[in-house]
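Protein sequence lines correspond, in order, to chains E and S. For the numbering used here, add 11 to where a residue sits in the first sequence, where the first one is 1. For the numbering used here, add 2 to where a residue sits in the second sequence, where the first one is 1. Backbone N, C-alpha and C define an ideal beta-carbon position, used for all residues, glycine too. Comments concern the structure below.
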Amino acid sequence: MSKAKGSNDAAGGMAFERKIDEIEAKIAELEALSLSTHLDISPELEALKAKRTEEINKTYADLTAWERVNVARHPKRPVASDYVAEVFDDFLELHGDRYFADDQAILTGFATLDDRRCMLIAHRKGRTTKERLECNFGCAHPEGYRKALRKMRLAEKLGLPIVSMINTPGAYPGIGAEERGQAMAIAENIMAMFTLRVPILVVVIGEGGSGGALGIGIGDRVLMLEHAYYSVISPEGCAAILWKDGERSPEAAEALKLTSKDLIGLKVIDQVISEPQGGAHRAPSVAMAEVKRVLSRNLEELEGIPIEQLLEARRAKYRHIGAIQGRFPSLA
Amino acid sequence: MGDEKTSGKNALAEEKKGKKEPKKPQKEPRSKKKAASKDSDGSKETDGEVEPKKEGRLSRFRFSKKKDMPGGLWLKCESCAEVIFRKELEEKGRVCPACGFHFTVPGAERVAMLLDEGTWKEDFDQLEALDRLNFQDARPYAEKLERTVQRTGQKEALICGTGQVHGRKVVLAVLDFGFMGGSMGEVVGEKVALSCEVASKQGLPLVIFTSSGGARMHEGVLSLMQMAKTCAALQAFHEGGGFSICVMTHPTTGGVTASFASVTDIVLAEPGALIGFAGPRVIATTLKQELPPGFQRAEFLKERGMIDEIVSRTDLPGTIARLIDYASGPRVSPDRPPIERRSGDRRG
Chain E
12 MSKAKGSNDA AGGMAFERKI DEIEAKIAEL EALSLSTHLD ISPELEALKA
62 KRTEEINKTY ADLTAWERVN VARHPKRPVA SDYVAEVFDD FLELHGDRYF
112 ADDQAILTGF ATLDDRRCML IAHRKGRTTK ERLECNFGCA HPEGYRKALR
162 KMRLAEKLGL PIVSMINTPG AYPGIGAEER GQAMAIAENI MAMFTLRVPI
212 LVVVIGEGGS GGALGIGIGD RVLMLEHAYY SVISPEGCAA ILWKDGERSP
262 EAAEALKLTS KDLIGLKVID QVISEPQGGA HRAPSVAMAE VKRVLSRNLE
312 ELEGIPIEQL LEARRAKYRH IGAIQGRFPS LA
Chain S
3 MGDEKTSGKN ALAEEKKGKK EPKKPQKEPR SKKKAASKDS DGSKETDGEV
53 EPKKEGRLSR FRFSKKKDMP GGLWLKCESC AEVIFRKELE EKGRVCPACG
103 FHFTVPGAER VAMLLDEGTW KEDFDQLEAL DRLNFQDARP YAEKLERTVQ
153 RTGQKEALIC GTGQVHGRKV VLAVLDFGFM GGSMGEVVGE KVALSCEVAS
203 KQGLPLVIFT SSGGARMHEG VLSLMQMAKT CAALQAFHEG GGFSICVMTH
253 PTTGGVTASF ASVTDIVLAE PGALIGFAGP RVIATTLKQE LPPGFQRAEF
303 LKERGMIDEI VSRTDLPGTI ARLIDYASGP RVSPDRPPIE RRSGDRRG
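Structural data, given as structure tokens:
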């Protein structure tokens, strides 16, 4: 589930970007050359940049599911800390679950989006190796889910809307996690999120890994970045189980229908947030500005809905999520 | 949910009776199939990765393969390795006569074990899975479904309906591990939700039995969403004052444990049941370390405060009836039906 990803470092998984990388390397080389020699090579540079744009457009026009999974995992893709820095103001972190620990894999705290205060809950992946290790690559333990629930209840008490940013390969599969009730913590959160009397806005910013995602993923609106993925199991896990061959992850990724386009088609998510051409890792600020705009608009809309109506709609949404109309008998 | 990995092996065992499934997944040593009390010579089995030379020894702890026991008359207890006559095991409610290990029970048999004779009325039995993603691994999901339906004679992994436990009427939902590892896809999720709604409408307690490898990968994110759907329905049921009991049986893992099964009012477990989020093999593989004895067994969970009580199979009907009485309020009603030992009960 989680760690099966050693084989997908940027070089391996992002092989489809090689041509773009080559052009970019050339651009950098020429730029350095022009600086040191004071030669005017701008025509060549322009040509190369045009070629780069063309190559990016070509590559990203038709990404496979597996390629998208790798874009979602790209080491330079914006993570929680980037959003905290660029999208939100006045972030005030609140730590700990007050039972056991302060799980670094889930970041929680007060945050302000434009002129609106909210509670931010986010999977934290970290940027440096040290950070990544600290937060288990975004794989939360039960204390992470309990910490999130504690802060969500505080938000409810204070009447602050909740913004939940999902970016996890999955909940942590480990001895301690099981001992402390990983499944129970996730189940408790899912159940509780149906009762929280404040708007909940969920956005999948990178990896939407299974129950680990859903544990902070119930919302009135669920948004998803264009190249994020959301799946019942990682492609590696699925390939290992069903194909008995972890190498067949690309096929598994395709079969699982885990891209934003698939999910909007299945009516599992509400809106796709488009990314700059070539993915959020290529222009993080542009990507995050768009996320900010969409989050802000959605929060405003949700704020206008009476809470009883919101709760009713939230429950109804999940009660019938993804179902083909008329397929199942209706009792209610 | 990486859990079918573990439970797949149990499916092997279960499927044996129903036979076929042409190419069995190549045998992988089971990582961890020892009951809590039996770890003496089992410690080596916990490091579940495929190492062919170990297999001969490991296989002692699984059901022997078919060729070893023509007709499947005999099987080995997965906990104590005792060789048991299959018929005897079935007569004893699928509890190992040697060590008391509670084997997985097929759904229909579970219904019969729990309910008063002649009280069962099944609901929603016509709901069938759809292959909405056109999912295909070694073979198409649609084909796999069709075969499973033929083999099991039921349309999905969950059977639900109403019946009586010692004269107390309940809505009962039972996950059947023999149907694709009891995995939860759209129909299973829907039937859990419908069961909550029937219970709510009729003012009945809801009793759920789980045995499941988790979410059904073949239905992709739609199966993941069943975790949310079932919790939404259960929450609504609870909000209306409904009372729910879940009995986790061997094995219950993944998205089922991480959703409705863990958030009922009362959570019971059968002795020795494997219960967890990630399957033990996934954990052992991820951590590259041996798992502690009794890891993820019912007793382990109870010790850590995750379940209310462990109840043996024969005591379940009585315990459930008593719980239902407690849920009916503070006044003891003089006309409540007595909880009597049933003639079929075989207590040890």
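- A Cβ of chain S is located within less than 8 Å of the beta carbon of Ala194(E).
- Comparing alpha-carbon positions, the option among Ile132(E), Ile52(E), Val90(E), Ser260(E) lying closest to Glu142(E) turns out to be Val90(E).
- Val243(E) has a beta carbon lying within less than 8 Å of a beta carbon in chain S.
- Spatial neighbours of Gly274(S) in its own chain (CB-CB distance under 7 Å, excluding positions within 5 residues in sequence) are listed in chain order as Ala37, Ala38, Ser81, Phe103, His104, His252, Arg299, Ala300.
- Of all alpha-carbon atoms in Thr316(S), Gly215(S), Pro336(S), Gly183(S), the one lying nearest the alpha-carbon of Arg96(S) is that of Thr316(S).
- For Val265(S), the nearest beta carbon of chain E is closer than 8 Å to its own beta carbon.
- In the structure shown, Leu74(E) falls within a coil segment according to DSSP collapsed to helix, strand and coil.
- In this structure the segment 235 to 244 of chain S does not touch the segment 112 to 130 of chain S; the number of beta carbon pairs closer than 8 Å is below three.
- Where Tyr329(E) is concerned, the enclosing alpha helix (DSSP H) starts and stops at 318 to 330.
- None of the residues of the segment 135 to 166 of chain E has a beta carbon lying less than 7 Å from any beta carbon of chain S.
- At a cut-off of 8 Å between beta carbons, Ser271(E) makes no contact with chain S.
- The beta carbon of Val173(S) sits no closer than 8 Å to any beta carbon of chain E.
- Cβ neighbours of Gly120(E) within its own chain (closer than 7 Å, five residues either side excluded): Phe102, Leu103, Glu104, Leu105, Leu131.
- For a cut-off of 8 Å, the C-beta gap from Gly278(S) to Gly222(E) is around 12 Å, too long to register as a contact.
- As for any beta strand (DSSP E) of minimum length 3 sitting wholly inside the segment 48 to 105 of chain E, the runs are 100 to 104, ordered along the chain.
- Taking a C-beta cut-off of 7 Å against chain E, the contacting residues of the segment 269 to 288 of chain S are Gly278, Phe279, Ala280, Val284, Ile285, Thr288, listed in chain order.
- The three-state secondary structure of Lys171(S), taken from DSSP, is strand.
- Note that the C-beta distance between Ala198(E) and Val173(S) is not below 8 Å.
- Think of a sphere of 7 Å around the beta carbon of Ala230(S): the chain E residues whose beta carbon falls inside it are Ile201, Leu225, Ile229, Tyr329, Ile332, in chain order.
- Judged by their CB atoms, Tyr240(E) and Arg79(E) are nearer to each other than the 8 Å cut-off.
- By the criterion of a C-beta distance shorter than 8 Å, Glu286(E) is surrounded in its chain by Leu236, Glu237, His238, Ala298, Glu301, once the five residues flanking it on both sides are discounted.
- Taking the beta carbon of Leu342(E) as reference, the chain S residues within 8 Å of it are Leu196, Glu199, Val200, Lys203, listed in sequence order.
- Listed as beta-bridge partners of Leu318(S) by DSSP are no residues whatsoever.
- Nearest to Ala122(E) by alpha-carbon distance, out of Gln115(E), Ser92(E), Gly333(E), Leu144(E), is Ser92(E).
- In the structure shown, Ser214(S) falls within a strand segment according to DSSP collapsed to helix, strand and coil.
- Here DSSP, grouped into helix, strand and coil, assigns Met186(S) to strand.
- Per DSSP, the unbroken beta strand (DSSP E) holding Gln282(E) starts and ends at 282 to 284.
- In this structure, the CA atom of Leu59(E) is about 19 Å from the CA atom of His49(E).
- The C-alpha of Thr255(S) lies about 11 Å from the C-alpha of Met195(E).
- Cβ neighbours of Asp281(E) within its own chain (closer than 7 Å, five residues either side excluded): Arg232, Val233, Leu234.
- By the rule that beta-carbons nearer than 8 Å mark a contact, Leu226(S) touches chain E.
- Excluding residues up to 5 positions away in sequence, Val82, His238 lie with their Cβ nearer than 6 Å to the Cβ of Gly290(E) in the same chain.
- If only complete runs of 4 or more residues are kept, the segment 114 to 188 of chain E shows the alpha helix (DSSP H) at 140 to 145, 153 to 169, in order along the chain.
- When 9 Å is used as the limit between beta carbons, Thr206(E) is near these residues of chain S: Gln237, Glu241, in chain order.
- For the C-beta of Met308(S), the chain E residues within less than 8 Å are, from N- to C-terminus, Gly192, Met195.
- Cβ contact annotation for Gln288(E) (same chain, cutoff 8 Å, sequence separation greater than five): Thr64, Ile67, Asn68, Tyr71, in chain order.
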